[in-house]
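Participant: When we follow this note's numbering, the leftmost residue of the first sequence carries the number 892, and every step to the right adds one.
No residue lacks a Cβ here, since even glycine has one placed at the ideal position from N, Cα and C.
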Amino acid sequence: MSSREIRVRFAPSPTGGLHLGGVRTALYNFLFARKHQGKFILRIEDTDQTRFVPGAEEYIIRCLEWCGLKPDEGPHIGGPFGPYRQSERKNVYAQYAHQLVEQGHAYYAFDTPEELEALRRQQPNFQYDATTRGQLKNSLTLSAKEVQHYLHEGRPYVIRIRMPENKTIRIHDLIRGEVEFDTNQVDDKVLLKADGMPTYHLAVVVDDYLMQISHVFRGEEWLPSTPVHVLLWEYLFGKAHMPEWAHLPLILRPDGHGKLSKRDGDRLGFPVYAMDWTDPFTGETTRGFREMGFLPEAFVNMLALLGWNDGSGQEIFTLDELVTRFSIERIHKSGARFDFEKAKWFNHEWIKRLPVKHYLEEVKIFFKQQHIPLSDDEKLMRVLELIKERCTLLGDFIEQGKFFFVAPETYDLSVIQKKWSPGMQAAFEEWEKALEQVEPWEAENIEHALIAAAEKQELKKNDMLLPLRIMLVGGKFGPPVFQIAELLGKVETRQRIRKALVAFSRHG
RNA sequence: GCCGCGUUGGUCAAUCGGCUAAGACGCCUCUCUUUCACGGAGGAAUGACGGGUUCGACUCCCGUACGCGGUACCA
């Protein structure tokens, strides 16, 4: 197995929004593939027709793309092992199921879902296994004739695996080491459903074989059903071809207990999905990390560190760095709580590090949503550069940068009330006029002019700083005030001062 | 219930038998900046419990407790 080409797959079912845990699984698959010059495959596991959600597949592909996790093969790009949608491979599974029946490793079962449900209601511990299959309606208890008869009359049936008794199945998990299962504890799982579709158990094994998957990275919730998969490998393709297993720890909710769900996000006010997801049936939209103002670099970086680290203490990694540093041995065994505060910290770091050009277009979307008129890209980039260290989410650029494009409507007067005086008024009036002559219009020169005006009124520059900020910004925040003036330009700066002077005197 | 997996500060976590137990987020204090941040300095806060093994256990083994996952014709 080790000498083969590395081929891994991310295999989501298209049932709704893409959960951050799913993205992490995709990420670890991707990192492992890239690190070993292997292939990263997207396979759509849509065997449950009742849960099919239109648009979900395209959405998943867009999410992966946003994250920078481009598959090498998949339903949207094809590849030598297609089709990559299980619903389109429906006919390949049945033959394997029937092969298992012939080998005696599986059997037909004619029990209806209602009958089984009734049994489960009677005995809460009911399992379809060696202890019960003898009393149920299947090809093990029915005569060959009866079975033929049932089959011919088109009676619905499923094919179940016949779990052997008193066997211990050992698997080697790359993350957990040796794990043992007692076959008596696992039930006769359905392999082929009455509608002719395989269940996950059959489909993964068949497709992993046919697609020559070398390593399976999947969530820890799959560990208990792994013995079924191992048995299927043994029966169908030989354990020599079986991929390596790696069961990833779960991502837990930040408060209380359990794995993180969409509901936790709604309740606690943070996203769980990678991008906005609109349910086509209800029309309801659930917010995603992207629309919440996250950079894909930060999102991916944060997820990589949720359950893995390289031991060096480094926390900020580019995707390429992650590829070179990633190692299965350093994936944790235990689940990790999602911490939205830490997620925001990652985003803040990435906003500060990346050149503003990198997220310019994304930020423009936020401004457009608020109907804030923008100037040319060059000025916008200078603005973003000036305020980026104050922004944690992309949406913060609005709050921090709006005043560069729209003059303040209201002023935070609490700051200036105690400082305002006729002298102050005079100094500002004088300075505003003097500004006319300032050339070139640069922060330093603007400041010198203000100092001169202040001295004439026997005031200190520092006394005027805060009032000036209120004039230009409206509030007590933002980058150095003379840099703001410089960026605003001479005309706009003077206009704002004049406008504010009128407003201030009215209140003073 | 049964089976499996897990358990270092509030959270993410380092440690692979020598610990006075890193670092990060968050929180608090101070500093820088007469704004808000950023930056800088400091602080509070951790090995679930009980037995072994060992000169020495956070690290290895066994129990217990707790948590999570699974137990569908869902994935």
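Look up residue 1117 in the DSSP assignment and say whether it is helix, strand or coil.
Facilitator: Counted from its first residue, the first sequence places residue 1117 at position 226. Looking at residue 1117 - three-state DSSP - the assignment turns out to be helix.
Participant: Please name the residue in 963, 1362, 1164 whose C-alpha comes closest to that of residue 1102.
Facilitator: For the purposes of this step, residue 1102 is identified with residue 211 of the first sequence, where counting begins at 1. For residue 1102, the nearest C-alpha among the options comes from 963.
Participant: Using CA atoms only, rank isn't needed, just tell me which of 1253, 1222, 1087, 1214 is closest to residue 1139.
Facilitator: For the purposes of this step, residue 1139 is taken as residue 248 along the first sequence, with counting starting at 1. Cα-wise, what sits closest to residue 1139 is 1222.
Participant: Using three-state DSSP, classify residue 903 as helix, strand or coil.
Facilitator: Taking the first sequence and counting its residues from 1, one reaches residue 903 at position 12. Residue 903: coil per DSSP, three-state reduction.
Participant: Taking Cβ to Cβ, would you say residue 929 is nearer than 7 Å to residue 897?
Facilitator: Position 38 of the first sequence, counting from 1, holds the residue named residue 929. Position 6 of the first sequence, counting from 1, holds the residue named residue 897. Result yes, Cβ atoms of residue 929 and residue 897 sit closer than 7 Å.
Participant: Helix, strand or coil: how does DSSP classify residue 1356 here?
Facilitator: Along the first sequence, read from residue 1 onward, the residue named residue 1356 stands at position 465. Residue state, collapsed to three classes: helix.
Participant: Just mark residue 1264 as buried or exposed, buried being the case when its beta carbon has 16 or more other beta carbons within 10 Å.
Facilitator: Within the first sequence, the letter at position 373 stands for residue 1264. Per the 10 Å Cβ criterion, exposed.
Participant: Is it buried or exposed for residue 1256, if we count other Cβ within 10 angstroms and need 16 for buried?
Facilitator: Sequence index remark: in the first sequence, residue 1256 carries index 365 (1-based). Exposed, because fewer than 16 other Cβ atoms sit within 10 Å of the Cβ of residue 1256.
Participant: Assign residue 1230 to buried or exposed, taking buried as 16 or more other Cβ atoms, counted over all protein chains shown, within 10 Å of its Cβ.
Facilitator: For this step, residue 1230 is matched to residue 339 along the first sequence. Counting Cβ neighbours within 10 Å, residue 1230 comes out exposed, since fewer than 16 surround it.
Participant: Got a sec? Which residues, its chain only, sit under 6 Å from residue 915 by beta carbon, not counting five neighbours each side?
Facilitator: Sequence index remark: in the first sequence, residue 915 carries index 24 (1-based). Taken in chain order, the residues that qualify are 1194.
Participant: How do the stretch 1316 to 1333 and the stretch 1282 to 1293 stand: do at least 3 beta-carbon pairs fall below 8 Å, yes or no?
Facilitator: Counting Cβ pairs under 8 Å, fewer than three are found: no touch.
Participant: Within the stretch 1084 to 1142, note down every full alpha helix (DSSP H) run reaching 4 residues or more, in order along the chain.
Facilitator: DSSP runs (the alpha helix (DSSP H)) wholly in the stretch 1084 to 1142: 1091 to 1101, 1117 to 1127.
Participant: Who are the Cβ neighbours of residue 1126 in its own chain at under 7 Å, not counting the five residues just before and after it?
Facilitator: Along the first sequence, read from residue 1 onward, the residue named residue 1126 stands at position 235. Closer than 7 Å at the Cβ level, and outside the excluded window around residue 1126, lie 991, 994, 996.
Participant: Using only CA atoms, which one of 948, 976, 1049 lies nearest to residue 1004?
Facilitator: Position 113 of the first sequence, counted from the first residue, corresponds to residue 1004. Measuring from the Cα of residue 1004, the nearest candidate turns out to be 1049.
Participant: Just to check my reading of the structure: residue 1057 and residue 1074 have Cβ atoms closer than 8 Å, yes? What is that Cβ distance to the nearest angstrom?
Facilitator: On the first sequence, position 166 is the one that residue 1057 refers to. On the first sequence, position 183 is the one that residue 1074 refers to. Right, their Cβ atoms sit about 7 Å apart.
Participant: Can you tell me whether residue 1031 is helix, strand or coil according to DSSP?
Facilitator: Here residue 1031 is taken as the residue at index 140 of the first sequence, counted from 1. Of the three classes helix, strand and coil, the one that applies to residue 1031 here is coil, per DSSP.
Participant: With distance defined between alpha-carbon atoms, name the residue in 1034, 1097, 1394 nearest to residue 1362.
Facilitator: Numbered from its first residue, the first sequence carries residue 1362 at position 471. Among 1034, 1097, 1394, the Cα nearest to that of residue 1362 belongs to 1394.
Participant: Quick one, which of 948, 1029, 1376 has its alpha-carbon nearest residue 902's?
Facilitator: By one-based count along the first sequence, residue 902 stands at place 11. Comparing Cα positions, the closest option is 948.
Participant: Are the CB atoms of residue 1282 and residue 1242 within a distance shorter than 7 Å?
Facilitator: Numbered from its first residue, the first sequence carries residue 1242 at position 351. Numbered from its first residue, the first sequence carries residue 1282 at position 391. A contact, by the Cβ cut-off of 7 Å.
Participant: Taking the alpha carbon of residue 1096 as the reference point, which residue from 1208, 1163, 1129, 1006 has its own alpha carbon closest?
Facilitator: Here residue 1096 refers to the residue found at position 205 of the first sequence. For the residues 1208, 1163, 1129, 1006, the minimum Cα distance to residue 1096 belongs to 1129.
Participant: Flag this pair as touching only if the stretch 1148 to 1164 and the stretch 905 to 922 have three or more C-beta atom pairs under 8 Å; answer yes or no.
Facilitator: Yes, since at least three Cβ pairs between the stretch 1148 to 1164 and the stretch 905 to 922 fall closer than 8 Å, the two stretches touch.
Participant: Could you tell me the alpha carbon to alpha carbon distance between residue 1179 and residue 1273, rounded to whole angstroms?
Facilitator: As a first step, residue 1179 is located in the first sequence; it is residue number 288 there, counting from the start. As a first step, residue 1273 is located in the first sequence; it is residue number 382 there, counting from the start. Whole-angstrom Cα-Cα distance: 28 Å.
Participant: Using beta-carbon positions only, say whether residue 1376 and residue 1337 come within less than 7 Å of one another.
Facilitator: As a working mapping, residue 1376 is identified with position 485 in the first sequence. As a working mapping, residue 1337 is identified with position 446 in the first sequence. Result yes, Cβ atoms of residue 1376 and residue 1337 sit closer than 7 Å.
Participant: Which residue's Cα is closest to the Cα of residue 1309: 1354, 1183, 1171?
Facilitator: Within the first sequence, the letter at position 418 stands for residue 1309. Among 1354, 1183, 1171, the Cα nearest to that of residue 1309 is on 1354.
Participant: Does residue 1266 pass the burial test, meaning 16 or more other C-beta atoms within 10 Å, or should it be called exposed?
Facilitator: Counting from 1 along the first sequence, the entry for residue 1266 is found at position 375. Under this definition residue 1266 is an exposed residue.
Participant: For residue 1332, which residues of its own chain have a beta-carbon under 8 Å away from its beta-carbon, when the five flanking residues on both sides are left out?
Facilitator: Numbered from its first residue, the first sequence carries residue 1332 at position 441. Cβ neighbours of residue 1332 beyond the five flanking positions: 1377, 1380, 1381.
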